[in-house]
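Written out below as structure tokens is the structure these notes cover.
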Amino acid sequence: MTANPFVQSLMEHPDYLVPIRVDQYQHMLETGILPEGAPIELIDGVLVRKDRRDGEGGIMTVGKRHRIVVTRLATLLTMLCQSHDCYSASQQPVIISDTDVLEPDVTVIQGHLGDESLEHPDASMVLLVVEVAHSSLSFDRKTKLLKYAAAGVPRTWIVNLVDNTIENYEDSIIETSRYRSQTVMSSGDVCPLTLPDGTVVEIAVDEILS
Amino acid sequence: MDTYQDYSTKLVEEKELVRITGEQFDQMVAAGIWGDHSPIELWDGFLRLKNCRDWEDESIGHGDRHAAAIRRFARALFRQGVESVQVQLPIAIDQFSRPEPDLSILVPPLEQYDNRPPTAADVLVAVECGSSSLHFDLYERAPVLAAANIPTYIVVDLVHNIIEMFSNPNATQSCYETRQTLRDGDQLVLVLESYGTVQIPITDLLPATEKPQ
Numbered sequence: 000m001t002a003n004p005f006v007q008s009l010m011e012h013p014d015y016l017v018p019i020r021v022d023q024y025q026h027m028l029e030t031g032i033l034p035e036g037a038p039i040e041l042i043d044g045v046l047v048r049k050d051r052r053d054g055e056g057g058i059m060t061v062g063k064r065h066r067i068v069v070t071r072l073a074t075l076l077t078m079l080c081q082s083h084d085c086y087s088a089s090q091q092p093v094i095i096s097d098t099d100v101l102e103p104d105v106t107v108i109q110g111h112l113g114d115e116s117l118e119h120p121d122a123s124m125v126l127l128v129v130e131v132a133h134s135s136l137s138f139d140r141k142t143k144l145l146k147y148a149a150a151g152v153p154r155t156w157i158v159n160l161v162d163n164t165i166e167n168y169e170d171s172i173i174e175t176s177r178y179r180s181q182t183v184m185s186s187g188d189v190c191p192l193t194l195p196d197g198t199v200v201e202i203a204v205d206e207i208l209s
Numbered sequence: 000m001d002t003y004q005d006y007s008t009k010l011v012e013e014k015e016l017v018r019i020t021g022e023q024f025d026q027m028v029a030a031g032i033w034g035d036h037s038p039i040e041l042w043d044g045f046l047r048l049k050n051c052r053d054w055e056d057e058s059i060g061h062g063d064r065h066a067a068a069i070r071r072f073a074r075a076l077f078r079q080g081v082e083s084v085q086v087q088l089p090i091a092i093d094q095f096s097r098p099e100p101d102l103s104i105l106v107p108p109l110e111q112y113d114n115r116p117p118t119a120a121d122v123l124v125a126v127e128c129g130s131s132s133l134h135f136d137l138y139e140r141a142p143v144l145a146a147a148n149i150p151t152y153i154v155v156d157l158v159h160n161i162i163e164m165f166s167n168p169n170a171t172q173s174c175y176e177t178r179q180t181l182r183d184g185d186q187l188v189l190v191l192e193s194y195g196t197v198q199i200p201i202t203d204l205l206p207a208t209e210k211p212q
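Written out as structure tokens, the structure is:
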């Protein structure tokens, strides 16, 4: 996308950019100013379109592989969460900061499905965030990962559709917006996840990416 | 990401930013989302804080001289019988923009704007009073207004105590073809549809120059 010159000039004076805050964003969704279900996230107070492509097509394309992988993950995680005081959701908006509302491809949230209030959950209730990435890989790693770490999300998986691996980030250090541990799993490996009651479950990379 | 600047430039390059439309902005203003105090403009789909300070070292606020200049201009217009004027209110110049000029002289009658913001075609003259925002007003605001075919754009330059008048917009080139600089002792001459010729002495438009202690 070539930068529009007016937007460029705005970015050169970032102190004058008024970020949209979470409460204002929620108001826009509640009153229908922003269509519910639109593939939009709030990043640093700016509305950004979600990129779910498989490396080609216009920005609105949802890659077939992207969709298949997200479905597999959501299904598996739902099964694993049963009776463990947590549940799995897809495209669930999560409040990450005052000016960030992100929609990870799959989220594991503490509590019960029936408990959810109308408000979006915040990071303190999130056990795992999964981003499935092809076209968005670089952005997800550089920007979203930092935000999840800064918000204290205990574990993030980036499913790398380009290299067919799953990057497992755990142990967030809020002060530096980093994860202490980073491992890359590929075919034959398993990804661990610790549930609220201490149970550790595993997902085989091949179940997701074959 | 090191600085906000690095990040925001990368955001522009890598992602598709979703612009807020004029209609969405109007709804947000109507819902009172920002309260009344900050002058917020919609600038090509993004929310921008308008800089109304007199001096760079003030915190964001409304400078006394800036406010005085707006009042002087409004008074000068009303004295000449120009009464279809709005102050720091939005003009809908395109689908994604709602700038709020310090003053706008509109095509009368005023009542037609009761239920909708004025569009570019309704604006005869846009006026900005510039101190801290002078560079932005002269070099970034002017092209946007010219592209929207706003016939006359006036900048009350409170730094140099002059008035700059831009006219003859070239919409395709996004620029004004005529620029006139007027000083104390000169007359501002406006030829306005529905009002005829209006003459205002520049002295009447420039407030006192001392920084308050």
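Top to bottom, those sequences are chains A and B.
In this text, residue positions in the first sequence follow numbering that gives the first Met the number 0: the first is 0, and each later residue adds one.
In this text, residue positions in the second sequence follow numbering that gives the first Met the number 0: the first is 0, and each later residue adds one.
Cβ atoms here follow ideal geometry from the backbone N, Cα and C, with glycine treated the same way.
Bear in mind that the values here come from a model prediction, so they are computed numbers and not experimental data.
So the beta strand (DSSP E) residue i belongs to, where does it begin and stop?
i, result
"Leu105 (chain B)", "Leu102 to Leu105"
"Val48 (chain A)", "Reading the sequence as shown, one finds Arg at residue 48 (chain A) and not Val. Taken as a continuous stretch (DSSP letters only), the beta strand (DSSP E) holding Arg48 (chain A) covers Val45 to Arg48."
"Arg154 (chain A)", "Arg154 to Asn159"
"Ala132 (chain A)", "Val125 to Ala132"
"Gly195 (chain B)", "Gly195 to Pro200"
"Ile94 (chain A)", "Val93 to Ser96"
Check this for me: beta carbons of residue i and residue j, under 8 Å apart or not?
i, j, result
"Val161 (chain A)", "Ser185 (chain A)", "no"
"Ile94 (chain A)", "Asp50 (chain A)", "no"
"Ser96 (chain B)", "Val143 (chain B)", "yes"
"Val131 (chain A)", "Val68 (chain A)", "yes"
"Val86 (chain B)", "Ile69 (chain B)", "yes"
"Pro100 (chain B)", "Ala141 (chain B)", "no"
"Val129 (chain A)", "Trp156 (chain A)", "yes"
"Leu181 (chain B)", "Pro150 (chain B)", "no"
"Ala119 (chain B)", "Asn148 (chain B)", "yes"
"Arg64 (chain B)", "Val17 (chain A)", "no"
In terms of alpha-carbon separation, which member of the options lies closest to residue i?
i, options, result
"Glu206 (chain A)", "A:Thr70, A:Glu40, A:Lys63 and A:Pro38", "A:Thr70"
"Thr98 (chain A)", "A:Ile42, A:Gln181 and A:Thr164", "A:Ile42"
"His226 (chain A)", "A:His83, A:Glu102 and A:Pro103", "Only positions 0 to 209 of chain A appear in this structure, which leaves residue 226 (chain A) out of reach."
"Thr106 (chain A)", "A:Thr77, A:Ser96 and A:Ser209", "A:Thr77"
"Ile19 (chain B)", "A:Glu174, A:Ser123 and A:Ile32", "A:Ile32"
"Glu127 (chain B)", "B:Glu163, B:Ser193, B:Ala75 and B:Phe45", "B:Glu163"
Quick one: give me the first and last residue of the alpha helix (DSSP H) that residue i is part of.
i, result
"Phe95 (chain B)", "No alpha helix (DSSP H) contains Phe95 (chain B), which DSSP labels as neither H nor E."
"Gly62 (chain B)", "Neither: Gly62 (chain B) is in no alpha helix (DSSP H) and is coded neither H nor E."
"Pro142 (chain B)", "Ala141 to Ala146"
Determine the direct distance from the alpha carbon of residue j to that of residue i, and round the result to whole angstroms.
i, j, result
"Ser176 (chain A)", "Glu169 (chain A)", "12 Å"
"Val45 (chain A)", "Lys63 (chain A)", "28 Å"
"Gln25 (chain A)", "Pro38 (chain A)", "15 Å"
"Pro103 (chain A)", "Pro98 (chain B)", "35 Å"
"Gly34 (chain B)", "Ala67 (chain B)", "23 Å"
"Gln198 (chain B)", "Tyr175 (chain B)", "21 Å"
"Tyr15 (chain A)", "Val158 (chain A)", "36 Å"
"Arg48 (chain A)", "Gly197 (chain A)", "36 Å"
"Glu22 (chain B)", "Ser209 (chain A)", "46 Å"
"Leu204 (chain B)", "Phe72 (chain B)", "6 Å"
"Pro92 (chain A)", "Gln181 (chain A)", "25 Å"
"Leu101 (chain A)", "Glu15 (chain B)", "15 Å"
"Gly187 (chain A)", "Leu79 (chain A)", "20 Å"
"Leu88 (chain B)", "Gln90 (chain A)", "38 Å"
"Val224 (chain A)", "Asn163 (chain A)", "Residue 224 (chain A) is absent from the structure shown; chain A starts at 0 and stops at 209."
"His65 (chain A)", "Glu166 (chain A)", "16 Å"
>> Under 8 Å: do the region 161 to 177 of chain B and the region 97 to 117 of chain B share three or more Cβ pairs, one atom per stretch?
In response: no
>> Within 8 Å, do at least three Cβ pairs link the region 131 to 140 of chain B to the region 152 to 166 of chain B?
In response: yes
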